[in-house]
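One line per chain: the protein sequences are A and B, in this order.
First residue of the first sequence? That's 1 in the numbering used here, and the numbers climb one at a time after it.
First residue of the second sequence? That's 1001 in the numbering used here, and the numbers climb one at a time after it.
Protein chains: 2
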Amino acid sequence: MKSASPSELELFFDYLRFPSISAQPSHRGDSRACAAWLVKLLASWNLRADLHETNGAPVVVARTEPRADAGTILLYGHYDVQPIEPAELWQTPPFEPAVRDGRVHARGATDNKGQTFSHLIGLRRLLGQGPLPANLIVVLEGEEEIGSPNLGPFLHAHREELACDVALISDTSMIGPGRPALTLGLRGIACFEVAVHGPRVDLHSGMFGGAASNPAQTLSRILARLHDENGRIAITGIYDDVLPISEIERDAWRQLPWDEKWFAQTTGASTSAGETGIPILDRVWARPTAEINGLTSGHQGPGSKTIIPAVATAKLSFRLAPRQNPERVSKLVVEWFERQFDAAGMRGEISFDHGGEPFYTPPDDPFIQAAIAALSDVFSRPPALTREGLSIPVAAMLQQELQVPVVLAGLGLPDCNAHSPNESYPLAHLEIGADLFAALMERFAATRPKK
Amino acid sequence: MKSASPSELELFFDYLRFPSISAQPSHRGDSRACAAWLVKLLASWNLRADLHETNGAPVVVARTEPRADAGTILLYGHYDVQPIEPAELWQTPPFEPAVRDGRVHARGATDNKGQTFSHLIGLRRLLGQGPLPANLIVVLEGEEEIGSPNLGPFLHAHREELACDVALISDTSMIGPGRPALTLGLRGIACFEVAVHGPRVDLHSGMFGGAASNPAQTLSRILARLHDENGRIAITGIYDDVLPISEIERDAWRQLPWDEKWFAQTTGASTSAGETGIPILDRVWARPTAEINGLTSGHQGPGSKTIIPAVATAKLSFRLAPRQNPERVSKLVVEWFERQFDAAGMRGEISFDHGGEPFYTPPDDPFIQAAIAALSDVFSRPPALTREGLSIPVAAMLQQELQVPVVLAGLGLPDCNAHSPNESYPLAHLEIGADLFAALMERFAATRPKK
């Protein structure tokens, strides 16, 4: 197997040495230094590279000299990293890259510096061979780990300069070594807080038990009705927009190792949640769910306090399947809860906390087909077609602001410890990623967007 | 209207000056001094008066010279008082008795020094007229406000010396001025904590929502099933032992001022709690209830945290109707919850925290009939027959340990501020209470116990 050259490795290790932790304000200077280093590096490869200020960390944009007769590919990555805590569990310092067992260990090694830098190595090599087969725009942000609060406005303001045919992100995981994956879908989210009010103040349950309605009891009854006996969310209309799962994905998911047993062993919980008769990966990846995230009412300390509480509250999050819309779901949820409060004859409130769009690129999209071909070229096996049940806000942002298909082709491995101590990245993946970049450029360049 | 003599009032005010607060260890010496003062006072009336040590505050027992040919009446009272807090709301110092508008204001004025001392004034006067019509045992404890933790063992150890035909307590409230009441029943209690366990740790609701069962959802469903659609507790067998309400009490309750509207205004809560079609006083006084006292699960702070919580817990209290038994109820409750955990396929736990017996003396008990006659003599109107929904542990203790009917004839008024700042007691009630003592002694002495 080939491996990245010493100078390429040195550059990568320099990149890893920046403690560009977006969640910790004390590292703001490190983030700016990291962004400036990227601009200098990309400019040294004869790209037009700029540092764009935002209300937070800067966005780095670099591009090849535009050619009107070629398509345009946007590569997204993020130069910020997770905090290192718990610091004492790291075997070597998180910002001093250390190679052990063929892997470099450092914070950000896989998420996302390693995955991004693999493509950049591929880019540098390709630039040495002549013009690229397509125009390339590289966008590297510094706030992905805190939810990309400034990326949406940035993309919107710069949507004309950033116009492209496809966006590529490598910030997800492969199935295992040598087993590539394309992540076609992510779920959206809508979060709420619900309160049911009873007496003006906590009441003596002896003096008033049997007379005064108990808001904790009413809340329990309402939450019990949130799902029907088949585990479906009982809110009329909530499934209306849910995108059916394509046959090609359904077939692909049957071959994956994540079954009911895997989930039960991983979580320690019963897997009887969700809709009866629907396979577990469908439930987690492609179906909406309604979860109680928290309950609060009355007495919470040790022992007894015999009261009828004045108020009972619940925190709820709904995960949304592709094609569901957080605002429409929010409207249905709010109306449903208000009907429940009325039916119970109790004063209640429901407030929408925040929402996020789901994401989906269909497997028959020409760029997904191109990515399947490119991954097959490099790995000598086709990628698994997967999804994830959580949200990656940038994926939906790129899709919405730039109106292009987004390809999520991960280069990390499940045991790379993203977000955990001793994060690592296989050095061989720098080389694989460089090859993949070349293959994707070639395949994408030959692809015409679906109209 | 007659009024207590200056020396009787002086004695009463001396009694009120002891800060005999049982809940505050710094007042232990005051409680002992108060008990010693009572022993000295009662001995000065030629009673056999003794101070009995317990693990807490002493119990004062005083008795007339026993006559074998007479019945025996036990008068119970407590010399301890509630804390004074919030101290700044008192218009005059709580342990410096102050007369305003015909009432003495002091901590303990009504609860229970005033009500007890009214009987003691009656006793002193009666002793000046010759032998009492019955033997009398006075029991004054110093820990009623902290739940009488040492009274049960004391009564049990001394049950032979304390053998009597009836026990009298004046520690409840009249309906209003001139409107006497007999409290025939009190509810018992059984308290529990319930926990439902889900995943080993809080899980990401995006990664696992739809796969891992949510214990807050399961707990809500179980608690929703705790009552049926008619508001009845859905635990089979739980109503088996509930004592039906006598016709005489039912008629009496219809004439009382506490209706649905009164409860709604007093609590600010809907009165749709409890069993459908059953009058509200029945529900609060004579029917069991199951209340959620607290709920705890997952995220409780501001904002969202999109987790599937590892555990969800609830605090529950059941109020028990007369003839229900806390141990039997506990067994039914525990079995019911265990069946619910099994049916849900979730690991759950329910633990019994503490229980207390209900209390009841039937209206046809000869001593209740005698008390009705005595109250009618003194007030020129018959007493209302009431109950309370809460527990007064001493009532059940006296009934159980001494196996006698217990008569609860309150001399307080609803606006006497028991347990609140500016507690008061009408001076006229000292006189009324003295007359009532004489009337009760006479009527009780003429009563033969039901066999």
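C-beta: ideal position from N, C-alpha, C; glycine also.
Determine the chain A residues that contact B:Ala1312 at a beta-carbon separation under 7 Å, and present them in chain order. Leu295
Sequence ranges, beta strand (DSSP E) only - wholly within the segment 1333-1359 of chain B, length at least 3: 1347-1356
Please list the segments of the alpha helix (DSSP H) lying wholly inside the segment 162-224 of chain A, counting only runs of 4 or more residues, in order along the chain. 205-208, 215-224
Reducing DSSP to helix, strand and coil, say where A:Ser246 ends up. coil
Please go through the same chain and pick out, in chain order, the residues whose beta-carbon is closer than 6 Å to the beta-carbon of B:Arg1097, but skip the five residues on each side of it. Position check: residue 1097 of chain B holds Pro in this sequence, whereas Arg was assumed. Excluding residues within five positions, the ones whose Cβ falls inside 6 Å are Phe1013, Leu1016, Val1104, Ala1106.
Just the chain B side, please: which residues come within less than 8 Å of A:Arg200 by C-beta, in chain order? Thr1267, Gly1268, Ala1269
Chain-ordered neighbours of A:His204 on chain B, where CB pairs are closer than 9 Å: Gly1389, Leu1390
Figure out for me which residue from B:Pro1449, B:Gly1114, B:Gln1400 has the closest Cα to the Cα of B:Leu995. Chain B is shown from 1001 up to 1451; residue 995 of chain B falls before or after that span and cannot be answered.
Residue-level contact to chain B via CB, A:Cys416, 9 Å cutoff: no
Which residues DSSP lists as bridging B:Pro1426, in chain order: B:Arg1103
For a contact meaning CB atoms closer than 7 Å, what does B:His1052 contact in chain A? Near B:His1052 there are no residues of chain A at all, since even the closest Cβ is about 30 Å away, more than 7 Å.
A:Ala157 versus A:Ile245, A:Gly410, A:Met397, A:Leu127, residue with shortest Cα-Cα distance: A:Met397
For B:Thr1306, the residue or residues it bridges with in DSSP: Per DSSP, none; premise fails for B:Thr1306.
Alpha carbons only, please: which of B:Gly1108, B:Gln1129, B:Ser1170, B:Asp1111 is nearest the one belonging to B:Val1138? B:Ser1170
At least one CB of chain B closer than 9 Å to the CB of A:Asp228: is that the case? no
Through-space distance from A:Leu126 to A:Pro426, alpha-carbon basis: 22 Å
Contact list for B:Met1184 against chain A, beta-carbon separation under 7 Å: The amino acid at residue 1184 of chain B is misidentified as Met; the sequence shows Leu. Within chain A, no residue comes near B:Leu1184; the closest Cβ sits about 16 Å away, beyond 7 Å.
C-beta atoms of B:Pro1058 and B:Ser1031 nearer than 9 Å: yes
Neighbour flag for A:Gly277 against chain B, beta carbons, 9 Å: no
Take the Cβ of A:Pro131 as the centre, count every other Cβ of all protein chains shown within 10 Å, and call the residue buried at 16 or more, exposed below. exposed
Listed by chain order, chain B residues near A:Met207 by CB distance under 7 Å: Gly1389, Leu1390
Using a Cβ cut-off of 8 Å, pull out every chain A residue sitting near B:Ala1234, in sequence order please. The contacting residues do not exist; B:Ala1234 stays about 12 Å from chain A at best.
Euclidean distance between Cα positions of B:Leu1385 and B:Val1407: 11 Å
For the alpha helix (DSSP H) containing A:Asp377, list its first residue and its last residue. 366-379
Could you check the C-alpha separation between A:Ser118 and A:Glu431 for me, to the nearest Å? 7 Å
Under 9 Å Cβ-Cβ, which residues of chain C neighbour B:Met1346? The structure shown contains no chain C; its protein chains are A and B.
Taking the beta carbon of B:Ala1446 as the centre, do at least 16 other beta carbons fall within 10 Å, making it buried, or is it exposed? exposed
Does A:Val284 get closer than 9 Å to chain B when you measure Cβ to Cβ? yes
Quick one: Cα of A:Leu9 to Cα of A:Ala35, how far? 19 Å
If you measure beta-carbon to beta-carbon, which residues of the segment 82-113 of chain A are closer than 9 Å to chain B? none
Burial state of B:Met1001, where buried means 16 or more other Cβ atoms lie within 10 Å: The predicted position of B:Met1001 is uncertain, since its pLDDT is 45 and thus under 50; no value can be drawn from it.
In chain order, what residues of the segment 320-344 of chain A put their CB closer than 9 Å to some CB of chain B? Ala344
Where B:Ser1272 and A:Thr110 are concerned, what is the direct C-alpha to C-alpha distance, given to the nearest angstrom? 58 Å
The segment 224-243 of chain A contacting the segment 286-302 of chain A, beta-carbon criterion three pairs below 8 Å: yes
Using 8 Å for Cβ pairs, my map puts A:Val166 next to A:Ile248. What's the rounded Cβ distance? Not a contact, Cβ separation roughly 19 Å.
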